[in-house]
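J.:
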Amino acid sequence: MKEHELNILMYHSISEGSGPTCISPHIFKEQLAILADCGYQVISLSDFVTWKGGKRELTGRSVVITFDDGFKDFATTAFPELQARGWTATVFLPAGKIGGVDDWESNRSGYLSRSLMDWKTIQELADLGVDFGAHGVNHTDLTTLAPEIARREIVESKRRIEEHTGRPVISFAPPYGRINAFVKSEIRKEYLLAVGTQLDRARRTSDLYDLPRIEMWYFRYLRPWRTYLKQGSSTYFTLKQILRQLRAHVFPP
Ligand SMILES: [Zn+2]
13 MKEHELNILM
23 YHSISEGSGP
33 TCISPHIFKE
43 QLAILADCGY
53 QVISLSDFVT
63 WKGGKRELTG
73 RSVVITFDDG
83 FKDFATTAFP
93 ELQARGWTAT
103 VFLPAGKIGG
113 VDDWESNRSG
123 YLSRSLMDWK
133 TIQELADLGV
143 DFGAHGVNHT
153 DLTTLAPEIA
163 RREIVESKRR
173 IEEHTGRPVI
183 SFAPPYGRIN
193 AFVKSEIRKE
203 YLLAVGTQLD
213 RARRTSDLYD
223 LPRIEMWYFR
233 YLRPWRTYLK
243 QGSSTYFTLK
253 QILRQLRAHV
263 FPP
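Per my numbering: the sequence shown = residues 13 to 265.
(1) In or out: residue 30 buried (at least 16 other Cβ within 10 Å) or exposed?
(2) For residue 203, count the other beta carbons within 10 Å of its own beta carbon; 16 or more makes it buried, fewer makes it exposed. Which is it?
(3) Looking at C-alpha atoms only, which residue of 55, 176, 196 is the closest neighbour of residue 184?
(4) The alpha helix (DSSP H) with residue 164 in it runs from where to where?
(5) Let me check you understand the geometry: is the CB of residue 81 closer than 7 angstroms to at least one non-hydrogen atom of ligand 1?
(6) Only counting runs of 3 or more residues, tell me where the beta strand (DSSP E) segments fall wholly within the region 51-119, in order along the chain.
(7) Does the beta carbon of residue 187 fall short of 7 angstroms from some heavy atom of ligand 1?
(8) Starting from the C-beta of residue 59, find all residues in its chain whose C-beta is less than 6 angstroms away, skip the five residues before and the five after it, and write them out in chain order.
(9) Does DSSP put residue 133 in a helix, in a strand, or in coil?
(10) For residue 219 and residue 22, what's the separation of their Cα atoms in angstroms?
(11) Using beta-carbon positions only, say whether residue 6 and residue 106 come within less than 8 angstroms of one another.
(12) Going by DSSP in three states, residue 37 sits in which element: helix, strand or coil?
(13) Skipping 5 residues on each side, what residues in its chain have a beta carbon closer than 6 angstroms to that of residue 189?
(14) Can you name the residues that DSSP bridges to residue 214?
(15) Measure the CB-CB distance between residue 206 and residue 20 and report whether it falls below 8 angstroms.
(16) Would you grab the beta carbon distance between residue 125 and residue 115 for me? Rounded to a whole angstrom, and I think it's under 8 angstroms.
(17) What residue range is occupied by the uninterrupted beta strand (DSSP E) comprising residue 223?
(18) Measuring from the CB of residue 16, is there a heavy atom of ligand 1 at a distance below 7 angstroms?
(19) Check this for me: beta carbons of residue 73 and residue 52, under 8 angstroms apart or not?
(20) On the premise that residue 109 lies in contact with residue 94, defined as a C-beta separation below 8 angstroms, what is that separation, rounded to the nearest angstrom?
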């Protein structure tokens, strides 16, 4: 990995369910073990901002770990694995859904609801060093909303999380990674950074309000994950090549 590039990993649920928002606990554990084995350290999003601004250099290889949606299995399954390694993560919360289920998925065929963490658990995790970011109030595509309603989603999610954790919220993840010029300018007024769903490594030159991430579902096969991490001086295209190979593996021609 070049010094001016950094992987921001994106997870959702760590569970046995099907679909791209689930990674099994066993695979998650192995992905972390491979990260450690390849000599990576985990840094926080605020450390990332300092690095991106050129105010700090990183010694060795670093990644940021993020989880979208605040599933209950973050607390029960993912966090113990991270804690055992002394690693941190940022969890993006749809503030109006906390203590409920992922009902924004309910239109999907075969939908089985998944529980989200409650505020008490979130507060305990914040006390243990987990960083929480905002993911809107209702997990709605902000680009489809009237400006005032979109703005409320951006402002109100931050306010509620800060109220419950007692800590500043610096980061935002727009639901579905969807932004437009207006949404972006409103996020910029409230937050230090925003992460998106565009698949790439983050660089010092990346847009701080639409930072690319690595969707870890693509790396549920462990060999390509190790290969990807090991390529210290990889080119921009390596990630795309690995993904092409993976697609061929998943959907044989
Ligand atoms: Zn989401």
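Cβ coordinates follow ideal geometry from the N, Cα and C atoms, glycine included.
T.: Short version:
(1) Along the sequence shown, read from residue 1 onward, the residue named residue 30 stands at position 18. It is exposed - the Cβ of residue 30 has fewer than 16 other Cβ atoms within 10 Å.
(2) Position 191 of the sequence shown holds residue 203. Taking all protein chains in view, the Cβ of residue 203 is crowded by 16 or more other Cβ atoms within 10 Å, so the residue is classified as buried.
(3) On the sequence shown, residue 184 is found 172 positions in, with the first residue counted as 1. Selection 55, 176, 196 evaluated against residue 184 yields 196 as nearest (Cα-Cα).
(4) The residue labelled residue 164 in the question sits at position 152 within the sequence shown. Element bounds for residue 164: 159-177.
(5) Your numbering for residue 81 matches position 69 in the sequence shown. Distances between the C-beta of residue 81 and the heavy atoms of ligand 1 include at least one below 7 angstroms.
(6) The region 51-119 contains these whole beta strand (DSSP E) runs: 52-54, 73-80, 102-105.
(7) For the purposes of this step, residue 187 is identified with residue 175 of the sequence shown, where counting begins at 1. Yes.
(8) Within the sequence shown, the letter at position 47 stands for residue 59. The beta carbon of residue 59 sits closer than 6 angstroms to none of the beta carbons in its chain outside the five residues before and after it.
(9) For the purposes of this step, residue 133 is taken as the residue at position 121 of the sequence shown. Looking at residue 133 - three-state DSSP - the assignment turns out to be helix.
(10) Taking the sequence shown and counting its residues from 1, one reaches residue 219 at position 207. Taking the sequence shown and counting its residues from 1, one reaches residue 22 at position 10. Going by C-alpha positions, residue 219 is about 17 angstroms away from residue 22.
(11) The shown model of the chain, from 13 to 265, leaves out residue 6, and the question about it has no answer.
(12) Looking up residue 37 in the sequence shown gives position 25. Residue state, collapsed to three classes: helix.
(13) Looking up residue 189 in the sequence shown gives position 177. By the criterion of a C-beta distance shorter than 6 angstroms, residue 189 is surrounded in its chain by 208, 209, once the five residues flanking it on both sides are discounted.
(14) The sequence position of residue 214 within the sequence shown is 202, counting from 1. The partner list for residue 214 (beta bridge, DSSP) reads 18.
(15) The residue given as residue 206 occupies position 194 in the sequence shown. The residue given as residue 20 occupies position 8 in the sequence shown. No. Outside cutoff.
(16) Within the sequence shown, the letter at position 113 stands for residue 125. Within the sequence shown, the letter at position 103 stands for residue 115. Contact holds; Cβ gap of about 7 angstroms.
(17) One-based indexing of the sequence shown puts residue 223 at position 211. It spans 223-227 - the beta strand (DSSP E) in which residue 223 sits, taken as one unbroken run.
(18) Position 4 of the sequence shown holds residue 16. Residue 16 has its Cβ no nearer than 7 angstroms to any heavy atom of ligand 1.
(19) Locating residue 73 in the sequence shown gives position 61, where the first residue counts as 1. Locating residue 52 in the sequence shown gives position 40, where the first residue counts as 1. Yes, these two residues count as a Cβ contact at 8 angstroms.
(20) Translated into positions along the sequence shown, residue 94 becomes position 82. Translated into positions along the sequence shown, residue 109 becomes position 97. For residue 94 against residue 109, the beta-carbon gap comes to about 23 angstroms, at or over 8 angstroms, which does not count as contact.
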